[in-house]
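Take the sequence shown: its position 43, counting from 1, is numbered 79 in our numbering, and each next residue is one higher.
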Amino acid sequence: MVGDRKHDMIGAKSEGIATVGVLYGYGSKEELLMAGADALAEDVKDITAICLEKR
Numbered sequence: 037m038v039g040d041r042k043h044d045m046i047g048a049k050s051e052g053i054a055t056v057g058v059l060y061g062y063g064s065k066e067e068l069l070m071a072g073a074d075a076l077a078e079d080v081k082d083i084t085a086i087c088l089e090k091r
């Protein structure tokens, strides 16, 4: 799950889905980390790298 708010992280975690918090959205780094984001992306390009390294 890619999301920018804690609700995205919490919802995905409750279903056993890995999460990527994006720092270019509305939520802060602190909010995403406290909600349990597995990784953080500063921009769209980071998402590809994160997904490939998780394989």
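In this text, a Cβ means the ideal position worked out from N, Cα and C, and glycines have one as well.
Pair within 9 Å by beta-carbon distance, residue i and residue j
| i | j | result |
| --- | --- | --- |
| Ala-73 | Gly-57 | yes |
| Ile-86 | Ala-71 | no |
| Ala-77 | Leu-88 | no |
Closest Cα partner of residue i within the set the options
| i | options | result |
| --- | --- | --- |
| Glu-66 | Met-37, Met-45 and Leu-88 | Met-45 |
| Ile-83 | Thr-55, Ser-50, Gly-63 and Ser-64 | Thr-55 |
Cβ neighbour criterion (16 or more within 10 Å) applied to residue i
| i | result |
| --- | --- |
| Gly-3 | With the chain represented from 37 up to 91, any question about residue 3 goes unanswered, as that position is not in the structure. |
| Lys-42 | buried |
| Gly-52 | exposed |
Backbone secondary structure at residue i - three-state DSSP
| i | result |
| --- | --- |
| Leu-68 | helix |
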